[in-house]
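Chains as they are written, first to last, in our numbering: chain A, 435 to 879; chain B, 435 to 879. Beneath this line is the structure, given in structure tokens, with notes to follow.
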């Protein structure tokens, strides 16, 4: 029987980061990662294997940083766990002192009639499966994508760039409905339409048509849409099997129950990343959101705190910061949207600003940048922000993330010192985070 | 005699922002800006009129936002001031209740023999002068730039793109010597060399050679460099004439003396932007740094606080956040550099990280991103950061700006939630601000 001090189950970003953080903190401990896959994929890079990346091998999470930090990688599957001992599929047993479950999430197959037909795919985080998807796409022309969330749209955008005919079906009233406010979803919809996509919102797929192989879909409004391939993109669900099997507290929908320090219901067992249940940072309620960057923050915290609490958790719950680029429009969000504020019953003030991301705006690569901020009406703290623009959106979202996590108020942001440059940012007089803040201030002033 | 409640002298970014902020706060007051120029330039955009922008008119600070906010613009010059009354060059007099001096800075002409020769120019913030510079450049091939600070290098980069032969002479041991650490200056130097520039460091110009017209320069080491035009870029000095003439406290080198709320030595008179003396935010000592974005922060504060203190100043002194892009390399800094830390006697820990600004790094437009952070050794707060990379550097600097202004510690940054996306940012596992922080933590851990 092998023996380790720290064992991490799962080789995705959450497991990876936990291992590195544990090694940095506990330099003498014996650490192993157990994962099923020979090769680990970069999850958020998966859509880009369809066109932008030359080959699937370009989207690999490298083992080198783990090797160089003396972290063992065991390719196997954990089937059971008892008395600080893991049982592997191979029959091997591994003893641990501290265990971190980072088993991630798996694709959710919606209960639609016909999902088992040939040419119906989903976006699994599995290299072999993705290879077969990519191969199949080669001979297909007209692709139907079910689900207008960010993975579905990123896949759509890649396939459009690859010359496919695309139809996107979203059951809610706009694209990116869970992530962003309607005006942002509509901007993306406009961009995808201009790129040639057909988009159907407010429609549910009742059935995938065809004999053995999909030939189209039937909508709840009675319309049919033809296509020679269907891609399901209805979200992901946490992998909780190991928790279920070994008596840890968990919730089917949200994941393995953990406390503020990501400790499960059993001593010496932690859970991080998509498989662990998240709480909303505003309400403290459970909340299903899966982001590699949240997993990272958790992994870094857990890696430091396995044997004792070295690093205090300063911020409870999931902020939800993400960005994407679809149809050459970058959008991003951090914290709550206006829709969220309404749903949560938060009293808020909205501030908006639009300008260019270069100054003067006549510079050759300038794009329009639009910022919408949500402030607490009475606390005056920044609660959330949404941004649309060029590539700088990715880091602008992180400026907002820091501001929100530090509970900055409108007046603090209004008098903040920021750096600007003609070729890299908006003008100082029009800097949109500050001007949207000033706009919000004017509304309550 | 005209009468205003609020008068702002100077139509640059500082004056502009003060006026808008004052209007937002004091909706009923009569506000005027008095400026000398018919047309106001965007100061930081000036280098880009030389190549990237089609025409000088593309680099204009627009009057429309002022007009739409009912702010009068008076094109004239203030020659004297007494008893809440300004005397203008035209002979007109204007009464004010509150006065804001935002007269900016002017170019510093170094005391070099021969600066008065023909074909010796500098980078003035004056449209007519810049038109003559641009016209003259048309017939010139070999340009000598004296001064390797960011304006000099931005001008050099533009002229290189326009096909000119360029020599840059810097008296200190690397480019951008006052702004960044040597390794960053050296990266820019390498980039400019690859683009064809000749660069001489550790050399002072003793004399500009030629009869009436410049034909080259003589260095202190005895060498001569030939050229048919010389551009001086030795910095700017605050415009303090009005303070001198009207009895306000001022310092020739640093500018008009102001307190924490930008109040001068006389009641009802404020000074903002390049003309007002700045204090270093770490030491509280006077510090000559001129940035539009600092002026903005001051202008927004003063505009809100002219009649009473509505907005508390939370952060004292100048942070110094800026970015630029030279030879297709973007660099930026916020807060102190390692060199500054040494000079100030600050005990510090450095953390660095390098990765790509996309993930996976095989994505077509990925650039290498390098981050260097300076933490206080015992307080563990972030004091400064320098970045080199692609266009995202402009906003990454602002993430650092917020972190520094909010006194974030290494452990807070280590467990921060940030958003990442393949097409827009570094990978979550390699996010360089966080990984450079982890690197610093390891050094004291």
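Even glycine gets a Cβ: it sits at the ideal position worked out from N, Cα and C. No experiment lies behind these values; they were computed from the predicted model shown.
Just curious, the alpha helix (DSSP H) that residue 620/B is in, first and last residue?
Under the DSSP assignment, residue 620/B falls in the alpha helix (DSSP H) whose first and last residues are 616-628.
Could you check whether the Cβ of residue 730/B sits closer than 8 Å to any Cβ belonging to chain A?
Between residue 730/B and chain A, the shortest Cβ-Cβ separation is below 8 Å.
Give me the subset of the segment 812-841 of chain A whose CB atoms are less than 7 Å from a CB atom of chain B, sorted by chain position.
Answer set for the segment 812-841 of chain A: 825, 826, 827, 828, 829, 830, 831, 832, 833, 835, 836, 837, 839, 840.
Quick check: the Cα distance between residue 719/B and residue 685/B, rounded to an integer number of angstroms?
Going by the C-alpha atoms only, they are around 13 Å apart.
List, in order along the chain, the chain B residues whose C-beta lies closer than 9 Å to that of residue 756/A?
Neighbours of residue 756/A on chain B, chain order: 853, 854, 855.
From 573/B, 555/B, 526/B, pick the residue whose C-alpha is nearest to that of residue 513/B; which is it?
When only C-alpha atoms are compared, the closest one is 526/B.
By DSSP, does residue 771/A sit in helix, in strand, or in coil?
The answer is coil: DSSP assigns residue 771/A none of H, G, I, E or B.
Mind listing which residues of the segment 505-529 of chain B have their C-beta closer than 9 Å to chain A's C-betas, in chain order?
Taken residue by residue, none of the segment 505-529 of chain B has a beta-carbon sitting less than 9 Å from a beta-carbon on chain A.
Is residue 793/B close to chain A, meaning its C-beta is less than 8 Å from at least one C-beta of that chain?
Closer than 8 Å to the CB of residue 793/B there is at least one CB belonging to chain A.
Alpha-carbon spacing of residue 601/A relative to residue 657/A, whole angstroms:
Rounded to whole angstroms, the separation of the alpha carbons of residue 657/A and residue 601/A is 13 Å.
Any heavy atom of the ligand HEM inside 7 Å of the beta-carbon of residue 734/A?
This structure lacks the ligand HEM, and indeed carries no ligand of any kind.
Going straight from the alpha carbon of residue 615/A to that of residue 787/A, what length do you get?
Straight-line measurement puts the Cα of residue 787/A at about 16 Å from the Cα of residue 615/A.
With 16 other Cβ atoms within 10 Å as the buried cut-off, status of residue 479/B
A residue is called buried once 16 or more other Cβ atoms fall within 10 Å of its Cβ, and residue 479/B is buried on that count.
Proximity test, Cβ basis, 8 Å: residue 629/B and chain A
Among the CB atoms of chain A, none fall inside 8 Å of the CB of residue 629/B.
Which word fits residue 840/A, buried or exposed, when buried means at least 16 other C-beta atoms lie within 10 angstroms of its C-beta?
The residue is buried, with at least 16 neighbouring Cβ atoms inside 10 Å.
How would you write the range of the beta strand (DSSP E) that residue 672/B sits in, first residue to last?
Its beta strand (DSSP E) spans residues 670-672.
Which same chain residues end up closer than 6 Å to residue 567/A when comparing Cβ atoms and leaving out the 5 residues on each side of it in sequence?
These residues qualify, in order along the chain: 555.
Beta-carbon gap between residue 537/A and residue 739/A smaller than 8 Å:
Taking the C-beta atoms as reference points, residue 739/A is found no nearer than 8 Å to residue 537/A.
Identify whether residue 736/A lies in helix, strand or coil by the three-state DSSP scheme.
Here residue 736/A sits in helix by DSSP.
Determine the direct distance from the alpha carbon of residue 760/A to that of residue 618/A, and round the result to whole angstroms.
Take the alpha-carbon of residue 618/A and the one of residue 760/A: they are about 11 Å apart.
Anything in the segment 732-746 of chain A with a Cβ closer than 8 Å to a Cβ of chain B? List those residues in chain order, please.
Within the segment 732-746 of chain A, the qualifying residues are 734, 735, 738, 745, 746.
What does DSSP give as the partner residue(s) for residue 721/B in the beta ladder?
Its beta-bridge partners are 712/B.
Establish whether the CB of residue 759/A and some CB of chain B are separated by less than 8 Å.
Chain B, which has a Cβ nearer than 8 Å to the Cβ of residue 759/A, makes this yes.
Per DSSP, what kind of secondary structure is residue 469/B in: helix, strand or coil?
It is a strand residue.
Going straight from the alpha carbon of residue 577/B to that of residue 793/A, what length do you get?
Approximately 26 Å between the Cα atoms of the pair.
So which residues of chain A does residue 486/B contact, with C-beta pairs closer than 7 Å?
Proximity of chain A to residue 486/B at the Cβ level (cut-off 7 Å) is accounted for by 797, 798, in chain order.
Closer than 7 Å at the beta carbon, the chain A residues around residue 766/B:
Residues of chain A passing the Cβ test: 853.
Confirm, please, whether the CB-CB distance from residue 803/A to residue 862/A is below 8 Å.
Cβ distance not < 8 Å, so residue 862/A and residue 803/A don't count as in contact.
Out of 765/A, 539/A, 877/A, which has the shortest C-alpha to C-alpha gap to residue 822/A?
The residue from 765/A, 539/A, 877/A with its alpha-carbon nearest to that of residue 822/A is 765/A.
If the cut is a Cβ gap below 7 Å, which residues of chain A does residue 861/B touch?
Residue 861/B reaches chain A at 476, counting residues in chain order whose Cβ is nearer than 7 Å.
How would you write the range of the alpha helix (DSSP H) that residue 787/A sits in, first residue to last?
Counting along the chain, residue 787/A falls outside any alpha helix (DSSP H), though it belongs to the beta strand (DSSP E) covering 782-790.
Where the beta strand (DSSP E) containing residue 755/B begins and where it ends
It spans 755-760 - the beta strand (DSSP E) in which residue 755/B sits, taken as one unbroken run.
I want to verify the contact list: residues of chain B whose CB lies under 9 Å from the CB of residue 447/A, in sequence order.
The contacting residues are 861, 862, 863.
Specify the secondary structure class of residue 685/A as computed by DSSP and reduced to three states.
Correct three-state label for residue 685/A: strand.
Between 874/A, 598/A, 732/A, which has its C-alpha nearest residue 745/A's C-alpha?
In terms of Cα proximity to residue 745/A, the closest of 874/A, 598/A, 732/A is 732/A.
Same chain only: Cβ atoms within 8 Å of residue 694/B, ignoring 5 sequence neighbours per side:
For residue 694/B, where only same-chain residues beyond five positions count, the Cβ hits under 8 Å are 747, 750.
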